[in-house]
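Asker:
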Amino acid sequence: MKSLIMTICMILMLGICGCTGLSGMGKMKAVKEKIISAQTGQPVSFETMMADIGRAAVIYVGEQHTESAHHAAQLKIIRALFESHPDMSVGMEMFASIYQPVLDMWTAGHLDETAFLRKTHWYANWRFDYGLYREILNFIQENRICLAGLNIPFHIPPKIASGGLDSLPDDEKKYLPENIDLQDSGHRAYVENIFKQHAFAHGRNHFEDFYAAQCLWEDAMAESVSRHLHGKKMIVLAGGGHIAHKYGIPNRAFRRTQAIFKTILPISDETEAELSSADYLWILPLQSHKKRL
């Protein structure tokens, strides 16, 4: 049990870690709110960024889950894109795809918040304060925006990370993506660097299982993106670790769809980040909210 808890902590760390704490060239120190274009290294206006990302089919917006400022930035992007593309959709890491019928009911206005939280098992699955996401989800419901659950059942990645793919019973293998890419050396180095920074687990074999879990998790979400795209604009909300350097969901979804995408990483003003982490870095004041429940 202790090993599984530690593994879950590591899995969460990969989702929460975005572009923070990385070594290398092209780093910048975040000081005050502004948006930086990775292409030029220079500040741009919100309107300039939106004009650029509006040409993409998929827009990935990361987050550190407990940062309320990051969620406010996500909502601002959703509002702006909705003005020109009211048929857009929003895909969220925070919901497993098995809850899609519930998400459809939410979009249709058939559920109140209490029923929505109960039917999605929010506090058993995602567990972060719903208040961080309330305005986003209310806007989605008020405007009948298609909401897509991207995740696999939340217990599966930790189970594989601690026991390998063989630990998964046959009745749960149906949730696995059709293809799992374990060959991206850049992604492997990125994940292993974070893995080594945390003393939750040790040993090469454990890392291999952990890396397999990370890849199947991100390939599963990428597969969900491809399934819900339907030729319309889509904003994907996920932890920064799934978006940084485009290794996680973005590149894996692109291999499935060939759909043009852009990435945005909100970062806090007390962090350092590499310009190569995303197409745009949105520097925001630190406003940490409640930790995971």
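Residue numbers (my numbering): 6 to 298. We put the beta carbon where it would ideally sit given N, CA and C, even for glycine. Because the structure is a prediction, the values reported are computed rather than measured.
1) Closest by CA to Glu88, which one among Ile157, Thr71, His76, Ile145?
2) Run the CB neighbour count on Lys178, radius 10 Å, all protein chains shown included, and call it buried at 16 or more, exposed below.
3) Is Gln263 near Ser73, with beta carbons less than 7 Å apart?
4) Just to confirm before moving on: does the CB-CB distance between Cys220 and Ile185 stay below 7 Å?
5) Residues in the same chain with beta-carbon distance under 6 Å from Gly154, minus the five sequence neighbours each way, listed in chain order, please.
6) Considering only the beta carbon of each residue, do Ala61 and Phe215 sit closer than 7 Å?
7) Can you have a look at Asp224 and say buried or exposed, based on whether 16 or more other CB atoms are within 10 angstroms of its CB?
8) Over the uninterrupted beta strand (DSSP E) stretch that includes Gly96, give me the two end residues.
9) Contact defined as beta carbons within less than 8 Å: I believe Leu187 pairs with Ala217. What is the distance between those atoms, to the nearest angstrom?
10) Quick check on this structure: which residue in Glu197, Ser42, Ile157 has the alpha carbon closest to the alpha carbon of Glu98?
11) Which residues in the same chain as Gln47 place their Cβ atom closer than 8 Å to its Cβ, once the five residues preceding and following it in sequence are excluded?
12) Flag this pair as yes or no: are the beta carbons of Glu38 and Ile288 separated by less than 7 Å?
13) Whole angstroms is fine: what's the gap from Phe200's alpha carbon to Leu173's?
14) Which residues does DSSP list as the beta-bridge partners of Gly114?
15) Taking only three categories from DSSP, how would you classify Glu52?
16) Using CA coordinates, which residue listed in Phe51, Ala78, Lys238, Gly114 is at the minimum distance from Met93?
17) Mind checking Ala194: buried by the 16 CB within 10 Å criterion, or exposed?
18) What's the C-alpha gap between Tyr65 and Ile240?
19) DSSP three-state label for Glu68, please.
20) For Trp131, which residues in the same chain have their Cβ closer than 6 Å to its Cβ, ignoring the five residues on either side in sequence?
21) Contact check, Lys251 vs Thr276 under 8 Å by CB: the rounded distance?
22) Looking at the strands, I want to know which residues DSSP matches up with Thr299.
23) Report yes if the CB atom of Leu152 is closer than 7 Å to the CB atom of Val230, and no otherwise.
24) Tell me which residues share the same chain as Phe212 and place their Cβ nearer than 7 Å to its Cβ, disregarding the 5 neighbours each side in the sequence.
25) Measuring alpha carbon to alpha carbon, tell me which of Leu137, Val49, Trp111 ends up nearest Thr125.
26) Provide the residue span of the beta strand (DSSP E) that contains Trp287, from first to last.
27) Let me know if Pro163 comes out buried or exposed under the rule of 16 or more other beta-carbons within 10 Å of its beta-carbon.
28) Could you name the residues of the same chain whose beta carbon sits closer than 6 Å to that of Lys140, not counting the 5 residues immediately before and after it, in chain order?
29) Are there 16 or more other CB atoms within 10 angstroms of the CB of Glu279, so buried, or fewer, so exposed?
Answerer: On the basis of the data shown:
1) Taking the sequence shown and counting its residues from 1, one reaches residue 88 at position 83. Minimum Cα distance to Glu88 is reached at Ile145.
2) Here residue 178 is taken as the residue at index 173 of the sequence shown, counted from 1. Per the 10 Å Cβ criterion, exposed.
3) Stepping through the sequence shown from its first residue, residue 263 is reached at position 258. Stepping through the sequence shown from its first residue, residue 73 is reached at position 68. Going by C-beta atoms, Gln263 is not nearer than 7 Å to Ser73.
4) Numbered from its first residue, the sequence shown carries residue 220 at position 215. Numbered from its first residue, the sequence shown carries residue 185 at position 180. Result yes, Cβ atoms of Cys220 and Ile185 sit closer than 7 Å.
5) As a position in the sequence shown, residue 154 is number 149, starting the count at 1. Answer for Gly154: Phe100, Ala101, Ser102, Tyr104, Gln105, Leu108, listed in chain order.
6) Within the sequence shown, residue 61 is the residue found at index 56, counting from 1. Within the sequence shown, residue 215 is the residue found at index 210, counting from 1. Against a cut-off of 7 Å, the Cβ pair of Phe215 and Ala61 comes out as no contact.
7) For the purposes of this step, residue 224 is taken as residue 219 along the sequence shown, with counting starting at 1. With 16 or more Cβ atoms within 10 Å of its Cβ, Asp224 is classed as buried.
8) For the purposes of this step, residue 96 is identified with residue 91 of the sequence shown, where counting begins at 1. First-last of the beta strand (DSSP E) with Gly96: 94-101.
9) Taking the sequence shown and counting its residues from 1, the one referred to as residue 187 is at position 182. Taking the sequence shown and counting its residues from 1, the one referred to as residue 217 is at position 212. Right, the Cβ-Cβ distance comes to about 7 Å (below 8 Å), so this counts as a contact.
10) Counted from its first residue, the sequence shown places residue 98 at position 93. When each option's Cα is compared against that of Glu98, the closest is Ile157.
11) Sequence index remark: in the sequence shown, residue 47 carries index 42 (1-based). Here the set comprises Ile41.
12) In the sequence shown, the residue the question calls residue 38 occupies position 33. In the sequence shown, the residue the question calls residue 288 occupies position 283. Yes, the Cβ-Cβ distance between Glu38 and Ile288 is below 7 Å.
13) Here residue 200 refers to the residue found at position 195 of the sequence shown. Here residue 173 refers to the residue found at position 168 of the sequence shown. Each residue's alpha carbon lies about 22 Å from the other.
14) Numbered from 1 along the sequence shown, position 109 holds the residue referred to as residue 114. DSSP, once it has assigned bridges, lists no residue as partnering Gly114.
15) Along the sequence shown, read from residue 1 onward, the residue named residue 52 stands at position 47. Here Glu52 sits in helix by DSSP.
16) Working through the sequence shown from its first residue, we reach residue 93 at position 88. Comparing Cα positions, the closest option is Lys238.
17) Stepping through the sequence shown from its first residue, residue 194 is reached at position 189. Classification of Ala194: exposed, given that the 10 Å Cβ count is below 16.
18) Reading the sequence shown from its first residue, position 60 is the one you call residue 65. Reading the sequence shown from its first residue, position 235 is the one you call residue 240. Spanning the two alpha carbons is a distance of roughly 6 Å.
19) Taking the sequence shown and counting its residues from 1, the one referred to as residue 68 is at position 63. Reduced to three states, the DSSP call for Glu68 is coil.
20) Locating residue 131 in the sequence shown gives position 126, counting from the first residue. The residues are Met99.
21) Here residue 251 refers to the residue found at position 246 when the sequence shown is read from its first residue. Here residue 276 refers to the residue found at position 271 when the sequence shown is read from its first residue. No, Lys251 and Thr276 are not in contact; Cβ-Cβ is about 19 Å, not under 8 Å.
22) The structure shown has nothing for residue 299, since the chain only spans 6 to 298.
23) Position 147 of the sequence shown, counting from 1, holds the residue named residue 152. Position 225 of the sequence shown, counting from 1, holds the residue named residue 230. Contact flag unset, no.
24) Here residue 212 is taken as the residue at index 207 of the sequence shown, counted from 1. Excluding sequence neighbours, Phe212 sits near Glu197, Phe200.
25) As a working note, residue 125 is residue 120 in the sequence shown. Of the candidates Leu137, Val49, Trp111, the one whose C-alpha sits nearest the C-alpha of Thr125 is Trp111.
26) For the purposes of this step, residue 287 is taken as residue 282 along the sequence shown, with counting starting at 1. Counting along the chain, the beta strand (DSSP E) containing Trp287 begins and ends at 285-289.
27) Within the sequence shown, numbered from 1, the residue matching residue 163 stands at position 158. Label assigned to Pro163: buried.
28) Against the sequence shown, residue 140 aligns to sequence position 135. The amino acid at residue 140 is misidentified as Lys; the sequence shows Glu. Answer for Glu140: Leu80, listed in chain order.
29) Walking along the sequence shown from the start, residue 279 turns up at place 274. Around the beta carbon of Glu279, 16 or more other beta carbons lie within 10 angstroms, which makes this residue buried.
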